[in-house]
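Colleague: For the sequence shown, the working numbering assigns the number 324 to the initial residue and increments by one for each residue that follows. Ideal Cβ placement from N, Cα and C applies to all residues, glycine included. Predicted model only: the values in this text are computed from it and were never measured. Input: one structure, supplied below.
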Amino acid sequence: MAAAGGVAGVRHYHPNGDPPRILITGSLGQLGTGLAKLLREKYGTNNVIMSDIVKPTKDIVNSGPYVFADILDFKCLQEIVVTYRIDWLVHFSALLSAIGEQNVPLAIRVNIEGLHNVMELSKQYNLRVFVPSTIGAFGPTSPRNPTPNITIQRPRTIYGVSKVHGELLGEYYHHRFGLDFRCLRFPGVISSDTQPGGGTTDYAVQIFHDAMEGREFECYLRPTTRLPMMYIDDCLRSLWEMLVAPSDKLRQRTYNVTAMSFTPEEVVAAVRQHFPDLHVTYRPDSRQNIADTWPEVFDDSEARRDWGWQHHYDLKAMCTIMFDNLRRQNQQDQQELHLQSAR
């Protein structure tokens with residue numbers, strides 16, 4: 324892929340002038356829809372193929388190409404890659420931390436066997452492949468503040484174990500077969516576009532919804548539990564910047580990225596700048612045990628050094644944009660209801 328100028332200006336077309344054709348697996352999760360929108364703006368709607376095993380909404384269908392893709396079915400994936408002439412593959416399909424603990428055999432199939440299919444397919448068709456990793460790839464014996472890029476990784480969830488497996492397998496495929504494998508370890512990701520799904524860091528999304536709707540916020544982590552976090556726009560931008568970074572700038576294939584670290588009591592204080600009457604209770608549950616094994620502060624200095632990563636949103640800026648977005652969404656929902664009732 325040819326690159327022109329700094330990352331902010333690159334578009335990364337083929338030598339023949341065509342943009343890359345990109346497949347996103349698990350695209351109806353928290354990151355997939357936003358990434359598809361970003362990539363379609365850069366490379367054209369029809370060059371970004373969303374896929375999942377979930378029936379899409381009308382909005383998703385109208386936004387651009389969407390196909391059924393079961394990552395456990397190698398032939399299914401192969402057919403998509405060949406039919407759509409895929410160049411880059413972004414592999415989001417996975418069972419997340421808390422959900423994976425409830426069904427370990429399924430998590431092994433989806434997170435490990437599915438990854439094997441993606442890696443082998445990428446090798447066979449010479450794809451550039453991006454696989455996200457996580458703060459959950461670390462464990463209680465990892466240094467927590469800060470957590471460096473290369474350190475002890477002994478996670479205690481099947482999600483974390485599968486992500487360490489993915490990081491190492493990707494590096495192996497890169498060194499053994501020359502596969503263009505790229506991976507970022509994301510912190511907790513905060514977005515107004517998707518409802519909180521019960522994950523370990525989702526309290527930091529739930530609090531915004533509860534504050535907006537005047538509900539009491541019940542937090543399942545202790546008030547002093549510090550975790551690294553990132554606003555969705557920074558997250559998606561970091562993914563794209565890593566995806567298009569010249570290969571010779573990447574001193575390794577997996578990087579930490581982050582934007583901020585905060586505790587529940589710190590985000591409560593920030594939210595109360597907007598909603599002073601927010602009532603909060605703390606009732607730690609099993610997710611506290613998971614959080615206690617995760618990094619408190621991510622060291623992403625190597626991403627900043629090697630390919631110029633810089634975050635845009637801190638806690639204060641994130642609170643402002645989250646509430647702005649939620650207010651706008653509420654207004655749009657009310658307008659929709661008004662139009663429906665008028666018909």
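Let me confirm a value: His293 is counted as buried when at least 16 other C-beta atoms fall within 10 Å, else exposed. Which label applies?
Modeller: Given that the chain is displayed from residue 324 to residue 666, the structure contains no residue 293 and the question cannot be resolved.
Colleague: Between Thr480, Ser420, Phe461 and His497, which has its C-alpha nearest Asn449's C-alpha?
Modeller: His497
Colleague: I'd like to check one pair, Asn648 with Ser561: are the Cβ atoms closer than 8 Å?
Modeller: In this structure, Asn648 does not lie closer than 8 Å to Ser561 by Cβ.
Colleague: Which residues bound the beta strand (DSSP E) around Phe682?
Modeller: The first residue shown for the chain is 324 and the last is 666, placing residue 682 beyond what the model contains.
Colleague: Find the nearest neighbour of Cys642 within the set Pro618, Ser609 and Tyr554, judged by alpha-carbon distance.
Modeller: Tyr554
Colleague: Got a sec? Which residues, its chain only, sit under 7 Å from Ala678 by beta carbon, not counting five neighbours each side?
Modeller: For the chain, the structure presents residues 324 to 666; residue 678 sits outside this window and is missing.
Colleague: Taking the alpha-carbon positions, what's the Ser485 to Gln353 distance?
Modeller: 19 Å
Colleague: Please classify Asp503: does DSSP put it in a helix, a strand, or coil?
Modeller: strand
Colleague: So what does DSSP say about His602, is it helix, strand or coil?
Modeller: coil
Colleague: Starting from Leu649 and walking both ways along the alpha helix (DSSP H), at which residues does that stretch end?
Modeller: Leu638 to Ala665
Colleague: With distances taken from CA atoms, which of Thr464, Arg610 and Glu490 is nearest Ile475?
Modeller: Thr464
Colleague: Hey, how far is the Cα of Gly387 from the Cα of Pro342?
Modeller: 16 Å
Colleague: Check whether chain C comes within 8 Å of His498, counting only Cβ atoms and requiring the distance to be less than that.
Modeller: Among the chains of the structure shown, chain C does not appear; only one protein chain is present.
Colleague: On the DSSP letters alone, give me the boundaries of the beta strand (DSSP E) that Val580 sits inside.
Modeller: Premise fails: Val580 is in no beta strand (DSSP E) and is neither H nor E.
Colleague: Ignore the nearest five residues each way along the sequence and tell me which others in Arg467's own chain have a CB closer than 6 Å to its CB.
Modeller: Counting only Cβ-Cβ distances below 6 Å, and skipping sequence neighbours, we find Pro618 and Glu619.
Colleague: Looking at C-beta atoms only, is the number of pairs between the stretch 416-429 and the stretch 479-494 that lie closer than 8 Å three or more?
Modeller: yes
Colleague: Using the C-alpha atoms, what's the distance from His488 back to Ala363?
Modeller: For clarity, residue 363 is Arg in the given sequence; the question names Ala instead. Distance between the alpha carbons of Arg363 and His488: 30 Å.
Colleague: Which residue spans inside the stretch 418-453 form an unbroken alpha helix (DSSP H) run of at least 4?
Modeller: 420-425, 427-431 and 437-448
Colleague: Excluding the five sequence neighbours on either side, which residues of its own chain have a C-beta within less than 7 Å of the C-beta of Gly332, listed in chain order?
Modeller: Because the pLDDT of Gly332 is 42, which lies under 50, any placement of that residue in the model is unreliable, and the question is left without a value.
Colleague: Provide the residue span of the alpha helix (DSSP H) that contains Glu541, from first to last.
Modeller: No alpha helix (DSSP H) holds Glu541; the beta strand (DSSP E) holding it covers Phe540 to Cys542.
Colleague: Using 8 Å for Cβ pairs, my map puts Arg610 next to Leu544. What's the rounded Cβ distance?
Modeller: Taking C-beta atoms under 8 Å as the contact rule, Arg610 and Leu544 qualify, at a distance of about 7 Å.
Colleague: Could you give the residue range of the beta strand (DSSP E) that holds Ser374?
Modeller: Boundaries of the beta strand (DSSP E) harbouring Ser374: Val371 to Asp375, taken from the DSSP string.
Colleague: Using a threshold of 8 Å, state whether the C-beta atoms of Arg505 and Phe453 are closer than that.
Modeller: yes
Colleague: Where do the N-terminal and C-terminal ends of the beta strand (DSSP E) with Phe391 fall, by residue?
Modeller: Tyr389 to Phe391
Colleague: For Arg606, count neighbouring Cβ atoms within 10 angstroms of its own Cβ and tell me buried if that reaches 16, exposed if not.
Modeller: exposed
Colleague: Taking its Cβ as the centre, do 16 or more other Cβ atoms sit within 10 Å of Gln654, making it buried, or is it exposed?
Modeller: exposed
Colleague: Go ahead and pull the three-state DSSP assignment for Tyr495.
Modeller: helix
Colleague: Going by DSSP, what residues sit across from His414 in a beta bridge?
Modeller: Thr348
Colleague: DSSP on Val404, reduced to helix/strand/coil?
Modeller: helix
Colleague: Run through DSSP, which three-state label would Gly631 get?
Modeller: coil
Colleague: Tell me Arg508's beta-bridge partners as DSSP assigns them.
Modeller: DSSP output for Arg508 lists Ser456 and Asn579 as bridge partner(s).
Colleague: Measuring only the C-alpha atoms, how far is Leu438 from His597?
Modeller: 42 Å
Colleague: Note down, in chain order, each residue of its chain lying with its Cβ closer than 7 Å to the Cβ of Arg595, except the 5 sequence neighbours on either side.
Modeller: Leu601
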